[in-house]
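There are 2 protein chains.
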Amino acid sequence: MTRISPRHPRYRSLLLRDELARAARQGIVVPEGLIAQGRGEAFDYLLGERTTPSARRAIRRAAEWMRSARRPVLSVNGNVAALASDRVARLAKLLPNLGIEVNLFHRTPERVRRIGRRLAAAGVRPVLGLRPTVRIPHLPSDRARVDARGIAVADLCIIPLEDGDRTEALRRLGKRIVAIDLNPLSRTAQSADLTIVDELTRALDGLLAELERTAQLPAPRRPRGISNRALLDDAIARIRAGARPAARRPGRRRPRRRARRGRSAGRPRKGTGRR
Amino acid sequence: MTRISPRHPRYRSLLLRDELARAARQGIVVPEGLIAQGRGEAFDYLLGERTTPSARRAIRRAAEWMRSARRPVLSVNGNVAALASDRVARLAKLLPNLGIEVNLFHRTPERVRRIGRRLAAAGVRPVLGLRPTVRIPHLPSDRARVDARGIAVADLCIIPLEDGDRTEALRRLGKRIVAIDLNPLSRTAQSADLTIVDELTRALDGLLAELERTAQLPAPRRPRGISNRALLDDAIARIRAGARPAARRPGRRRPRRRARRGRSAGRPRKGTGRR
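Keeping their order, the protein sequence lines are chains A and B.
Position one of the first sequence corresponds to residue 0 (numbering that gives the first Met the number 0), numbered consecutively onward.
Position one of the second sequence corresponds to residue 0 (numbering that gives the first Met the number 0), numbered consecutively onward.
(1) Examine chain A for any beta-carbon lying closer than 9 angstroms to the beta-carbon of aspartate 146(B), and answer yes or no.
(2) Does arginine 223(A) come out as helix, strand or coil in the three-state DSSP assignment?
(3) Here's a check: name, in chain order, each residue in its chain whose Cβ is nearer than 8 angstroms to the Cβ of leucine 103(A), leaving out the five neighbours to either side.
(4) From the DSSP output, in three-state form, read off isoleucine 238(B) for me.
(5) Does chain A have any CB closer than 9 angstroms to the CB of leucine 207(B)?
(6) Kindly indicate which three-state DSSP category leucine 13(A) falls into: helix, strand or coil?
(7) Specify, as a first and last residue, the run of the alpha helix (DSSP H) that leucine 118(A) falls within.
(8) Interface residues of chain A around glycine 37(B) at Cβ under 8 angstroms?
(9) Is glycine 28(B) close to chain A, meaning its C-beta is less than 9 angstroms from at least one C-beta of that chain?
(10) Starting from alanine 153(B), follow the alpha helix (DSSP H) in both directions and report where the run begins and ends.
(11) Per the DSSP calculation, threonine 284(A) is bridged to which residue(s)?
(12) Helix, strand or coil for isoleucine 58(A) per DSSP?
(13) By a C-beta neighbour count over all protein chains shown, 10 Å radius and 16 as the cutoff for buried, is proline 95(A) buried or exposed?
(14) Compare the C-beta of arginine 247(B) against all C-beta atoms of chain A and say whether one is closer than 9 angstroms.
(15) Aspartate 232(A) versus chain B: which residues are under 7 angstroms apart at the beta carbon?
(16) Can you give me the start and stop residues for the beta strand (DSSP E) that leucine 73(B) sits inside?
(17) Pull up the CB-CB distance for valine 126(A) and alanine 147(A), whole angstroms please, since I reckon it's below 8 angstroms.
(18) With a threshold of 16 other CB atoms inside 10 Å of the CB of alanine 208(A), please say whether the residue is buried or exposed.
(19) Strictly by DSSP, which residues pair up with glutamate 100(B)?
(20) Under the DSSP definition of a beta bridge, which residues are partnered with valine 133(B)?
(21) So arginine 69(B) contacts chain A; which residues on that side make the cut at Cβ distance below 7 angstroms?
(22) Could you give the residue range of the alpha helix (DSSP H) that holds alanine 208(B)?
(23) Between arginine 252(A) and chain B, is any beta-carbon pair separated by less than 9 angstroms?
(24) If you drop the 5 nearest sequence neighbours on each side, which residues of the same chain put their C-beta closer than 8 angstroms to that of arginine 247(B)?
(25) Looking only at C-alpha atoms, which of Gly173(B), Leu160(B), Glu198(B), Ala88(B) sits nearest to serine 185(B)?
(26) Where alanine 88(B) and leucine 93(A) are concerned, what is the direct C-alpha to C-alpha distance, given to the nearest angstrom?
(27) Over what stretch of residues does the alpha helix (DSSP H) that includes arginine 34(A) continue unbroken?
(28) Please determine if the segment 52 to 59 of chain A and the segment 190 to 197 of chain A are in contact, where contact requires at least 3 C-beta pairs separated by less than 8 angstroms.
(29) Taking the alpha helix (DSSP H) that leucine 172(B) belongs to, which residues open and close that run?
(30) Alpha carbon to alpha carbon, how far is leucine 19(B) from leucine 82(B)? Give it in angstroms, no decimals.
(31) Please list, in chain order, the chain A residues whose beta carbon lies closer than 8 angstroms to that of isoleucine 158(B).
(32) Should alanine 41(B) be counted as a contact of the ligand SAH given a C-beta to heavy atom distance under 8 angstroms?
(33) Can you give the beta carbon distance from leucine 14(A) to glycine 37(B), rounded, assuming they're within the 8 angstroms contact cut?
(34) Measure how close the beta-carbons of leucine 158(A) and serine 53(A) come, nearest whole angstrom, since I'm counting them as under 8 angstroms.
(35) Within 10 Å of its beta-carbon, does glutamine 215(B) have 16 or more other beta-carbons around it, so buried, or fewer, so exposed?
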């Protein structure tokens with residue numbers, strides 16, 4: 000699609016954007032998923048496009064919860080399949096009782112097939128959710144349809160990039176929820192038991208590293224709690240700090256050439272908004 | 000696409016989202032444009048999804064600049080055509096010397112034709128940029144191609160939803176730039192002469208109202224200046240204020256049902272992030 004220099008300060012973010020645009024052209028990602036990606040990009044930009052210390056804490060605790068769960072299930076939508084099928088497959092290898100379930104808001108048989116194929120190609124066996132037979136009560140939309148071997152019986156659901164209605168419906172079923180969401184103000188982030196406020200691929204890399212590190216240890220018998228409020232407040236504080244004016248330069252309202260601005264370490268250089 | 004209740008607190012934002020998703024399915028909007036829309040949505044959400052007082056000042060000054068310009072030209076990309084062709088046509092009727100020029104980063108003959116048709120159907124005559132013959136120097140990409148009757152000879156360019164490289168290239172040509180951009184930290188927002196930090200359709204509605212209000216007045220001979228820095232700093236301060244923790248509720252880390260939270264007037268209720 001677009002050529003991006005690896006030296007671009009926002010290389011990784013721009014690569015993911017291109018990856019997702021490509022998946023949209025292949026019918027894996029829907030337009031609404033692209034818009035959602037953009038929302039995440041804006042929050043990630045304000046967060047500094049890196050895993051914050053509080054997100055790292057959230058990742059460590061989430062890995063602990065995954066290890067101690069009876070049946071953890073990771074919900075996969077089009078964006079997750081497009082951006083992270085490989086990582087999802089590696090998670091499932093590290094944690095044999097982890098179910099991987101396709102769950103789509105904009106569900107068509109063809110789209111389910113494509114996403115199932117992409118996960119299978121990455122090594123996921125079995126891919127759940129291809130023929131869902133159970134419904135989550137009080138949730139109008141195809142997102143309510145779940146697999147009898149997966150989300151329906153899960154005690155822990157890991158839901159990256161989820162909508163608020165579904166998060167709340169899963170909560171009402173008494174499931175423990177780990178969300179991955181860059182917007183700490185979203186209903187999903189606010190209503191999950193534990194929210195990893197981090198970009199999807201960074202969060203999954205963190206979970207993979209943590210599960211690898213603890214692979215030889217016995218699973219904790221009871222997962223420890225965590226204050227999701229404190230995690231979210233920290234993310235919100237970082238977003239506030241990320242939204243700060245550039246250094247003021249006196250005089251010259253209309254320079255012919257734009258002066259180079261000193262960039263502080265925390266904020267990546269902005270890329271181009273190409274339409 | 001999706002049914003949205005008019006009583007939804009984020010009705011307008013969700014309507015625009017659906018409109019853009021539909022335009023993407025029609026080949027008017029590219030995937031990158033959808034992602035850009037999402038970035039804008041996040042900033043608009045933090046801004047409270049309404050025109051701020053400083054954006055209103057920016058709109059008034061921009062209208063003055065448009066009235067006093069010799070040849071103002073409004074640059075139209077896929078997102079602008081999808082969301083605001085009608086408003087663009089009304090602007091051109093109010094301001095007869097305003098040129099309307101199609102300019103695309105992801106340019107294909109078919110896409111140019113579709114966008115030209117949509118503008119023409121809304122009443123824009125002539126649609127510039129369909130057969131561009133001039134190039135903006137030092138700008139690799141199709142965005143450099145401009146119309147000899149439009150941007151090439153413009154003294155004022157109005158560039159909604161623009162990328163930073165092109166903004167800077169237009170500045171180097173000595174053109175006065177009015178940007179419409181929801182991200183006050185973007186290179187476009189930072190390098191324009193005047194940035195309206197507001198959602199596109201609200202900003203255009205504001206410009207239309209201002210041009211109607213002043214239609215009988217003589218055009219100002221010399222446009223007055225404005226501190227873009229001050230406009231941007233105000234927007235940044237509002238974004239910081241928009242990112243604030245929800246009210247703390249004591250105890251109950253895992254309520255079965257989510258308690259209704261008091262919302263302060265400034266922040267709209269968050270919609271669903273559906274993928």
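The C-beta atom is built at its ideal place from N, Cα and C for all residues, glycine as well.
Predicted model, so just to flag it, every value in this text is computed and none were measured.
Answer, in terms of the structure:
(1) Answer no: the Cβ-Cβ gap between aspartate 146(B) and chain A never drops below 9 angstroms.
(2) coil
(3) Asn76, Gly77, Arg110, Val111, Ile114, Asp141, Arg142
(4) In this structure, isoleucine 238(B) counts as helix in the three-state DSSP scheme.
(5) no
(6) helix
(7) 108 to 121
(8) Leu33, Ile34, Ala35, Gln36, Gly37, Arg38, Gly39, Glu40, Ala41
(9) Here the sequence assigns valine to residue 28(B), which means glycine is not the residue at that position. Cβ-Cβ to chain A under 9 angstroms: yes for valine 28(B).
(10) Neither: alanine 153(B) is in no alpha helix (DSSP H) and is coded neither H nor E.
(11) The structure shown does not extend to residue 284(A), since chain A is modelled only from 0 through 274, so no value can be given for it.
(12) helix
(13) exposed
(14) Residue placement at arginine 247(B) is flagged as unreliable, the pLDDT there being 44, under the threshold of 50; the coordinate-derived value follows with that caveat. For arginine 247(B), the answer is yes, since a Cβ of chain A falls inside 9 angstroms of its Cβ.
(15) Pro244
(16) 71 to 75
(17) Between valine 126(A) and alanine 147(A), the beta carbon gap of about 14 angstroms keeps them out of contact (Cβ cut-off 8 angstroms).
(18) With fewer than 16 Cβ atoms within 10 Å of its Cβ, alanine 208(A) is classed as exposed.
(19) Note: glutamate 100(B) sits in a beta bridge opposite Ser74(B), Leu127(B).
(20) Val145(B)
(21) Result: empty, since nearest Cβ-Cβ is about 18 angstroms, beyond 7 angstroms.
(22) 199 to 212
(23) Its pLDDT being 43, under 50, arginine 252(A) is placed unreliably by the model, and nothing is read from it.
(24) Unreliable positioning characterises arginine 247(B) in this predicted model, as indicated by a pLDDT of 44, which lies under 50. The coordinate reading is nonetheless provided below. Excluding sequence neighbours, arginine 247(B) sits near nothing in its chain.
(25) Leu160(B)
(26) If you take the alpha carbons of alanine 88(B) and leucine 93(A), they lie about 58 angstroms apart.
(27) Arginine is not the amino acid found at residue 34(A); the sequence shown has isoleucine there. 30 to 46 is the extent of the alpha helix (DSSP H) around isoleucine 34(A).
(28) yes
(29) Per DSSP, leucine 172(B) belongs to no alpha helix (DSSP H) and is neither H nor E.
(30) 7 angstroms
(31) Those within 8 angstroms of isoleucine 158(B) in chain A number zero; the least Cβ separation is about 11 angstroms.
(32) Looking for the ligand SAH in the displayed structure turns up nothing, as the structure carries no ligands at all.
(33) Actually they are not in contact, since the Cβ atoms of leucine 14(A) and glycine 37(B) sit about 17 angstroms apart, beyond 8 angstroms.
(34) Sequence check: residue 158(A) is isoleucine here, not leucine. Rounded to whole angstroms, the Cβ separation of isoleucine 158(A) and serine 53(A) is 19 angstroms, and the two are not in contact under 8 angstroms.
(35) Label assigned to glutamine 215(B): exposed.
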